[in-house]
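Here the protein sequences come in this chain order: E, W, X and B. Residue numbering for the first sequence follows this note's numbering, beginning at 99 and increasing consecutively. Residue numbering for the second sequence follows this note's numbering, beginning at 99 and increasing consecutively. Residue numbering for the third sequence follows this note's numbering, beginning at 99 and increasing consecutively. Residue numbering for the fourth sequence follows this note's numbering, beginning at 99 and increasing consecutively. Glycine included, C-beta positions come from ideal geometry on N, C-alpha and C. Keep in mind that this is a model prediction, so the values were computed, not measured.
4 protein chains.
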Amino acid sequence: MKRAAVLGASGYTGRELQRLLARHPALELHVFASAREGASADVPDLESEPEIEALDWKRVEECDGVFLCTPHGTSAPLAQRCLELGKHVVDLSADFRLPDPALYRAHYAHEHPAPQLLPQAVYGLTELARERLHGARLVANPGCYPTSILLALRPLLEAGLVAPQETIVCDSKSGVSGAGKTPSARTHFGNSHENFLAYAIGNHRHQPEIRLHAGTEKLVFVPHLLPVFRGILSTIYLAPAPGVKAQTLRDCLRERYAGERFVRVFERGLPELRGVQNTNECHVAVGECGDRMVLVSVIDNLLKGASGQALQNMNLALGLEEAAGLA
Amino acid sequence: MKRAAVLGASGYTGRELQRLLARHPALELHVFASAREGASADVPDLESEPEIEALDWKRVEECDGVFLCTPHGTSAPLAQRCLELGKHVVDLSADFRLPDPALYRAHYAHEHPAPQLLPQAVYGLTELARERLHGARLVANPGCYPTSILLALRPLLEAGLVAPQETIVCDSKSGVSGAGKTPSARTHFGNSHENFLAYAIGNHRHQPEIRLHAGTEKLVFVPHLLPVFRGILSTIYLAPAPGVKAQTLRDCLRERYAGERFVRVFERGLPELRGVQNTNECHVAVGECGDRMVLVSVIDNLLKGASGQALQNMNLALGLEEAAGLA
Amino acid sequence: MKRAAVLGASGYTGRELQRLLARHPALELHVFASAREGASADVPDLESEPEIEALDWKRVEECDGVFLCTPHGTSAPLAQRCLELGKHVVDLSADFRLPDPALYRAHYAHEHPAPQLLPQAVYGLTELARERLHGARLVANPGCYPTSILLALRPLLEAGLVAPQETIVCDSKSGVSGAGKTPSARTHFGNSHENFLAYAIGNHRHQPEIRLHAGTEKLVFVPHLLPVFRGILSTIYLAPAPGVKAQTLRDCLRERYAGERFVRVFERGLPELRGVQNTNECHVAVGECGDRMVLVSVIDNLLKGASGQALQNMNLALGLEEAAGLA
Amino acid sequence: MKRAAVLGASGYTGRELQRLLARHPALELHVFASAREGASADVPDLESEPEIEALDWKRVEECDGVFLCTPHGTSAPLAQRCLELGKHVVDLSADFRLPDPALYRAHYAHEHPAPQLLPQAVYGLTELARERLHGARLVANPGCYPTSILLALRPLLEAGLVAPQETIVCDSKSGVSGAGKTPSARTHFGNSHENFLAYAIGNHRHQPEIRLHAGTEKLVFVPHLLPVFRGILSTIYLAPAPGVKAQTLRDCLRERYAGERFVRVFERGLPELRGVQNTNECHVAVGECGDRMVLVSVIDNLLKGASGQALQNMNLALGLEEAAGLA
């Protein structure tokens, strides 16, 4: 039985990891701690369990892998220390997603705390990075919106099925858990329930991440907030390369993800949030509308968009069965 | 055109009053202010309007009536000053609902700030206190749960239709707006959506208010939180006096509320929140279950349970048409 | 006092019209009827009022204007008879929105029942068709999705601010009331609550309507279903003409809608469903994302998207004040 | 590996059983069929899987246990045939919950189809009937509301802690899945969302079941419909026997359920729906209000209130580990 630590345990992603690890046959949750030595949970919480302990590095040393559920800027120094201790690290923050420290500084408003680690980080979009994830020491877990978009888009771009000079439009919609657990006016029931809105037009931090890992700047991304707890649906509009039909795209995705446990390509019909909530799956369908191909990609933002994919990555990093704890 | 001031404007009840007064033919909103001189809104808010001004007593003096949407303890000193200025005051807090300062201290954990005002306060359950409300100088607007319960129960108790020695059970359910606008773990969408719970068993402050104004200590009240924005439904179980049938109760309520614009007694069927939301109405029905009579009473907690009833009371206090602004 | 008839009253749009007319100072609801002579409401309904009467043409003759809340195919023959009776007709169906009967047949799967009426129909996008609406005899009330998109897009297209050869992407999201009142698996609470989905990709009937009235085929439209009761938010991605900035678009919209009671152009910030629900308003904002301009347009699908705009149009048709009953 | 059949598979309880059995280490779903030979699913369904087969008795014979998810009246004849085939039967309908066929006829409006089977049926409130469930041939799975109420109440009644002559009040609130999957006006999103209501006052079929299995007629039960998908919360008001305190009740429940995997008695705090949704657990707390003790009991209506408890019972009937598939 290997051991995992979760640091920054007080948010939704920490709670999801705790739930997943409770059923993991080969990896047990050994440390469930806040992010700072001596501090306990700093987010007001109604739940009595699991208990969140103060960070004790001696206990972290007893682990094999560490999940960092800490905010950007906080993760990087913790990752550095964990790596020095010889641990495998999966970071759920943005700290290692952008390999260029200048790009990081431009979008995260501060210098990267540990730029020397950037070259070794693996961007953990599991199905598309598997070879590099086996035994990886430092995994940058992708953002939730990027996961939903890149899983659908990357294979098509790599196969040259997308017209290169046409702007790809990504219109994404996420449940409120994506906004985090800390009470705010935005997440007050009175402002979320029976409501819907767009936000961060042109300046969401996931946009550079999506463009970088899609390999094109000809892409725009607008997020929206849904009055549900969990789930992301991304509607992606692209111009196909000459001669490419919807079925071409479907076939490409189906082949790319043949045998994949967690990505399901629809031959007909369209996916819904309900079909993926509380699972680690991504469901994708291809439609056609005028001169555009339309991809619809859905994931559970807390699972395939965060903790589920993090566990998938940690399983590979620790040499465990990839779907362990996630079936 | 008479003028109203709303002090403590930043919460839900202030916003509701502003909406109602926008359509009032004879009373205009002249002052929409925070509760403290020099301060503006202190609750994080997403809405840009209406603007909340700092409290300026010179502007308050220009008004005829003042609505206090301030918390208990804060209202009483403000009421005192407003009365000294000759204004008519409707207080939406609990400060004047309990005539006995000892009872107030027992339940609100501090001494009453202005006990000398208690004797003149009128408990503003409009349909049952109308005579005292005409021209009233100080109105204690009832709590939301008490309004839903007392409107249904009082006439039956007063008519001797309820067995005096049997405990009356009041099981109430309220939408989240009753918990206020300030972000908290409790009102975070993630904790309210797709959830339901009981709270404050045995120690909710509305319980002494309900017992006092019902005129009996043989009454228990348990509140619950619903995953809706607005509305309260109270299910009241009582033992009927000998010979009393459900129709007796229905007839009593129908007669008591004959011609009342805002109280509707169902002859058949049961009321729902949807039927009263965004109205100042109270809908009541009587059912029978075993040896108990069951009353179901629904109101919009922000309207008949607060701002709507407050306006009803202010209209009477200022000698305006009672339903003005509320139709 | 003029008189209105609502035919096909049993759905949501009929109910909204009944609510609006209850407060209209110059137009009263005289007939509230089902669509077929001799039949009463045919949709299972939980509400006891208002009563829906069987269609009686003698009573319709007593009216000045008729609202047709009937389905496509059903409205056209009714419109014909109403016009013969000299009434002013506002049709909420699609029957008169597409002037070309061949286009109608292509998308509505049957021959147009009254093609001779098509030339006189006015497409009732009120703010953009006002001159033709004064005294109009036959108004084709636009679809809900088209209203949300065209109000934002038309002025920009007409001003030449949009690059003509780039595909405009319209990603729209609507509350469940848009799916109608008839129970179905789709609208069962269990399938709508905590869920979100795209549908009708490439084949929604509103797409030809939007393209026609926008005046361009270079436009794609994908609708989605939101777990709210009312509201539509459309996110529109367009390539600006050379030299055009976001502020250029904002200025164009602000000028086009200067003084308009029901269209509000945001100078900053983004609109939300909550800001327009239960009002006849359309709120629009302009953002910038990469090489695209992004419009966000929100309406209440039952009001500005249907019954509210219908009443606006009827007011003009009957020579009444345009905002009467809608303030 | 033992084999199970689910007959009447098209509703929510069938779907829950399919999900649970997918992870059961010792019982596999072998037959997932509609209720009538030759018919497939008769309820409009959006889900493509699992496939529902027509009923084929030869395949049922290959099973060890049969779950009947059929309506009352339909289950009894199916149970009879299954028993003749030597199967173990767990019936989720009401057909075997009331041992007296006269009581059944009084509340279910038709004669019992197989009264000769009534004496052998075991009422499957698992934690309170375990000895009779081992190897049972015919289990009457309790109703959802009765489960939530009886688990909390029975131990207290049996221990003589409840005043015998005082009416026990049970105020229950259930999510919409309790109303079934068939579209209806009641379950239309437009009628359930942002709404709450009481129903079936005095005449809900679960009331005689609750009274019978509680062993007292001095009990009233009123159900309500919550705008959530799953969960039941019952608030139970009872008069304690002389000298009995809240802690006495807590201790009684804690002892009765000591070591129970699926019943959790709160020492402090109050349970919420969120704490039991998607689990087979029942959470109970005891509070005090005036002269009443207040029990709050929450379950997931589709799991502990139906399919979860059914599986618990089937595990015992087939001699499998009781919590298998449910952990």
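| Check | Outcome |
| --- | --- |
| Local Cβ density within 10 Å of W/G417, reported as buried at 16 or more and exposed below that | exposed |
| Identity of the residue in B/A207, B/S275, B/Q407 and B/E209 nearest B/G109 by Cα | B/S275 |
| Under 8 Å between C-beta atoms of B/N411 and B/V237 | yes |
| Three-state secondary structure (DSSP) of E/A139 | Note that E/A139 scores 49 on pLDDT, short of 50, meaning its location in the model is unreliable; the coordinates nonetheless yield the value given after this. If DSSP states are grouped into helix, strand and coil, E/A139 belongs with coil. |
| Neighbour flag for X/F294 against chain E, beta carbons, 8 Å | yes |
| Bridge partner(s) assigned by DSSP for B/R179 | Note: B/R179 sits in no beta bridge, so no partner. |
| X/N111, DSSP secondary structure in three states | First, the residue type needs correcting, since residue 111 of chain X is Thr and not Asn in the sequence shown. Of the three classes helix, strand and coil, the one that applies to X/T111 here is helix, per DSSP. |
| First and last residue of the uninterrupted alpha helix (DSSP H) at E/V158 | W155 to E159 |
| Simplified DSSP assignment, three categories, for X/R366 | coil |
| Contact residues within the segment 358–390 of chain X, judged by C-beta distance below 7 Å to chain E | L368, E370, L371, R372, G385, E386, C387, G388, D389 and R390 |
| Own chain residues within Cβ distance below 8 Å of B/L414, not counting five before or after | T224, R228, L231, H232, G233, A234 and E420 |
| Chain-ordered residues of the segment 259–281 of chain X with a beta carbon less than 7 Å from chain E | T265, V267, D269 and K271 |
| Helix, strand or coil at B/M99 [DSSP, three-state] | coil |
| Where X/L299 meets chain E, residues with beta-carbon distance less than 8 Å | Residue identity differs from the one stated: residue 299 of chain X is Ile in this sequence, not Leu. Correct list: L368, G385, E386, C387, V392 and V394. |
| Residues that W/S272 bridges to, as DSSP identifies them | W/L323 and W/I330 |
| Best match in B/P338, B/E126 and B/V104 for proximity to B/I150 [C-alpha to C-alpha] | B/V104 |
| Chain-order list of residues whose beta-carbon lies under 6 Å from that of W/F360 (same chain, five-residue window excluded) | N378 and E379 |
| Short-range partners of chain E found in the segment 103–135 of chain W, where Cβ spacing is below 7 Å | none |
| Contact residues within the segment 334–353 of chain E, judged by C-beta distance below 8 Å to chain X | Y335 and A337 |
| Under 8 Å between C-beta atoms of W/G329 and W/L118 | no |
| E/L259 and E/T346 closer than 8 Å at C-beta | yes |
| Completely contained beta strand (DSSP E) runs for the segment 186–243 of chain E, where each covers 3 or more residues | 186–189 and 236–238 |
| Cβ neighbours of X/E386 in the same chain (closer than 6 Å, five flanking residues each side left out) | A344 |
| Nearest-angstrom Cα separation, counted from W/V267 out to B/P211 | 40 Å |
| Residue burial classification, E/D140 (beta-carbon count within 10 angstroms, cutoff 16) | In this prediction, E/D140 scores a pLDDT of 47, lower than 50, which makes its location untrustworthy; the coordinate-derived value is nonetheless stated afterwards. E/D140 comes out exposed. |
| Alpha-carbon spacing of E/C180 relative to E/P369, whole angstroms | 39 Å |
| Assumed close pair X/G163, X/K100 - CB separation to whole angstroms, cut-off 8 Å | 7 Å |
| Local Cβ density within 10 Å of W/P338, reported as buried at 16 or more and exposed below that | buried |
| Cutoff 8 Å: E/L418 Cβ touching any chain W Cβ | no |
| Within-8 Å CB hit, E/F327 to chain X | yes |
| Candidates W/G388, W/F364, W/L317 and W/R303: closest to W/L201 by CA position | W/R303 |
| Close Cβ partners of W/A298 (< 7 Å) along its chain, the five nearest in sequence each way excluded | P321 |
| DSSP-derived helix/strand/coil call for E/G300 | coil |
| Residues near X/G112 by beta carbon distance below 6 Å, same chain, minus five either side | V104 and C167 |
| N-terminal and C-terminal residue of the alpha helix (DSSP H) that W/C350 is part of | A344 to R354 |
| Bridge partners - W/H381, DSSP secondary structure assignment | W/R362 and W/V396 |
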